[in-house]
Amino acid sequence: MKRLKMNFVFPKISRHNHTACKILGIETSCDDTGCAVVDGNRNILGESLFSQQQTHLNFGGIIPPVARDLHKEHIDHVVNETLQHAKINIQDLDAVAVTVKPGLPLSLLVGMNFAKKICQLSLKPLIPIHHMEAHALTARLTDKNLQLPFLVLLLSGGHCLLAIVKDINKFLLLGQSIDDAPGEALDKAARRLQLRNIKDYRHCSGGQAIEEAATKGDAKSIDLGTFMTNYRDCNFSFSGIKNSIRTQILKFEKQHDLKGDEIIPEIYDLCASIQYSITKHICTRVHRAMEFVDRTNLLPKCNRTLVLSGGVASNMFLRKYLNAMCDEMNYKLTVPPPSLCTDNGIMIAWNGVEKFKKQLNIYNPNDFNKIDIQSKAPLGEDISQQVSDMNIRCPSGFFNKLYGQNK
Ligand code: KG4
Ligand code: ZN
């Protein structure tokens, strides 16, 4: 390893190679060990993913040292399997991209240190990646007609934000959650409702379980209240709904004199109402973002797109009403396939490709000490205050009308 500390002159890569580039991406920011090789022509040459979901479901949440140990145990295999699928070796790569922010520090460190090690051994450059930027830009891999700039909504167990993607390294943050992320709220609600005790939902994530259970219930049967209606911004909040859910469960448990792990009979109606309430809150914030864009001309009048991504983007009820909102506001809704909405190595490799093509943030091994992980990292420039200052009214009647027309 000592040999690697010496300085060396890194070869300049010719312009010709940029479109044909091959980038290996590594993702370990949370509970998925992901890896992929993507080339400059949007081909996914190889991929591998080890999900820790089942372990964390058994623990009732992510325990960071457990996540770290599982990343350490699997990263070698995941990267080797990716290279095997791609039928290449490390020497054939142009660079390695790795998530360095934001995320769980113990998890991020495993990926970053592994990426540094293989780059030092093979004398390849490293591209540090912002996890949320990678999520936001994934749609450009699957939809080659997606033009910049566009609006993006990222909803998962760890993220909740609404932004304008101006360029691959320029983001304007319109709003984000001031407390929980929607997936986190759904996971907690599913746990509190003991949905795992119902056989059909045993292996589902909280959000999936609530979506499936909701199909058997009435979305308007239980009023969980409205949230942040007095705040004319694009921020989100899911702590109010969390409290309302708890209050409703306690009320029903008392009403039916339930004990231990008995399930409330209203479970399906409550799941449908939770999904409705969260969807309404999200759609109202998106509506305001679209009104803001109209007033500021931040997106071109023709060809406006809303990209939806993150684990919660799999929810078909939410998609249906975001789609209706897009139709009403003259936007196109684009959602990457589910496997690319959740955490994966492909999105990191693709972000690496986009950065490599523009020669942005490329580090040679001599400079690896300048790269470090960051548990928290804002996405781009925060313009949420500008949104509030416009004081844009978005009456709930707008969503109620969409719901009525698209039931
Ligand atoms: O993006 P992701 O795989 O991981 C991160 O959180 O970064 O998202 C996982 C989240 C979980 O909270 C899960 O409950 C939620 O996405 N989720 C869903 C659905 N499928 C997964 N939420 C609502 N409806 C679904 N169908
Ligand atoms: Zn993510």
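For the sequence shown, this note's numbering begins at 277 and goes up steadily by one. Note that the Cβ used here is the ideal one computed from N, Cα and C, for glycine as well.
Item                                                                                                                                                                             : Value
Straight-line CA distance for Phe335 to Gln396?                                                                                                                                  : 36 Å
Which residues share a DSSP beta bridge with Phe426?                                                                                                                             : Val441
Quick one: measure Cβ to Cβ for Gln367 and Ser324, integer angstroms, because I've assumed they're closer than 8 Å.                                                              : Actually they are not in contact, since the Cβ atoms of Gln367 and Ser324 sit about 19 Å apart, beyond 8 Å.
At a cut-off of 8 Å, would you count Ser432 as near the ligand KG4, judging by its Cβ distance to the nearest heavy atom?                                                        : yes
Apart from the five residues on each side of it in sequence, which residues of its chain come closer than 6 Å, Cβ to Cβ, to Asp648?                                              : none
Within the segment 557 to 595, note down every full alpha helix (DSSP H) run reaching 4 residues or more, in order along the chain.                                              : none
Could you tell me if Leu526 is buried or exposed, where buried requires 16 or more neighbouring beta carbons within 10 angstroms of its beta carbon?                             : exposed
How about Ala625 and Leu431: do their beta carbons lie closer than 9 Å?                                                                                                          : no
Grouping DSSP H, G and I as helix and E and B as strand, with all else coil, what is Gly301?                                                                                     : strand
For Ile622 and Met566, I'd like the C-alpha separation in whole angstroms.                                                                                                       : 29 Å
Could you check where the beta strand (DSSP E) with Leu609 kicks off and where it finishes?                                                                                      : Lys608 to Thr610
Does the ligand ZN have even one heavy atom less than 8 Å from the beta-carbon of Thr505?                                                                                        : no
Excluding the 5 residues preceding and the 5 following Lys556 in the sequence, name in chain order all residues of the same chain whose CB lies nearer than 6 Å to its CB.       : Phe675
Is Leu636 helix, strand or coil by DSSP?                                                                                                                                         : coil
Whose C-beta lies closer than 8 Å to the C-beta of Lys652 among residues of the same chain, with five residues either side of it excluded?                                       : Lys377 and Pro378
When you measure from the CB of Ser590 to every non-hydrogen atom of the ligand KG4, does any distance come out below 8 Å?                                                       : yes
Given 8 Å as the limit, tell me if Gly322 has its C-beta closer than that to any heavy atom belonging to the ligand KG4.                                                         : no
Take every Cβ of the segment 623 to 643, pair it with every Cβ of the segment 443 to 454, and state whether three or more of those distances are shorter than 8 Å.               : yes
By Cβ distance, which residues of its chain are closer than 7 Å to Phe632, with the 5 residues on each side in sequence left out?                                                : His294, Cys297, Ile299, Asp370, Ala371, Ile403 and Ile638
Label His479 either buried or exposed according to how many other C-beta atoms from any shown protein chain fall within 10 Å of its C-beta, with 16 as the threshold for buried. : exposed
Beta-carbon separation of Glu657 and Leu448 under 9 Å?                                                                                                                           : yes
When we look at the beta-carbon of Met388 and count the other beta-carbons within 10 Å, is it buried (16 or more) or exposed?                                                    : buried
Note down, in chain order, each residue of its chain lying with its Cβ closer than 8 Å to the Cβ of Gly628, except the 5 sequence neighbours on either side.                     : Ile299, Leu300, Gly301, Val314, Ala371, Val372, Ala373, Ile403 and Ile405
Have a look at Leu582 and Ile454 and give me their C-alpha separation to the nearest angstrom.                                                                                   : 22 Å
Could you tell me the distance, in whole angstroms, from the CA atom of Ser672 to the CA atom of Asp570?                                                                         : 19 Å
My parser needs the beta strand (DSSP E) runs of 3 or more residues fully inside the segment 363 to 440; what are they?                                                          : 371 to 377, 402 to 406 and 426 to 431
Just verifying my parser: in three-state terms, what is the DSSP assignment at Phe514?                                                                                           : coil
Would you identify the three-state DSSP class for Val285, choosing helix, strand or coil?                                                                                        : Below a pLDDT of 50, predicted positions are generally treated as unreliable, and Val285, at 48, falls in that range; no measurement from the model is reported.
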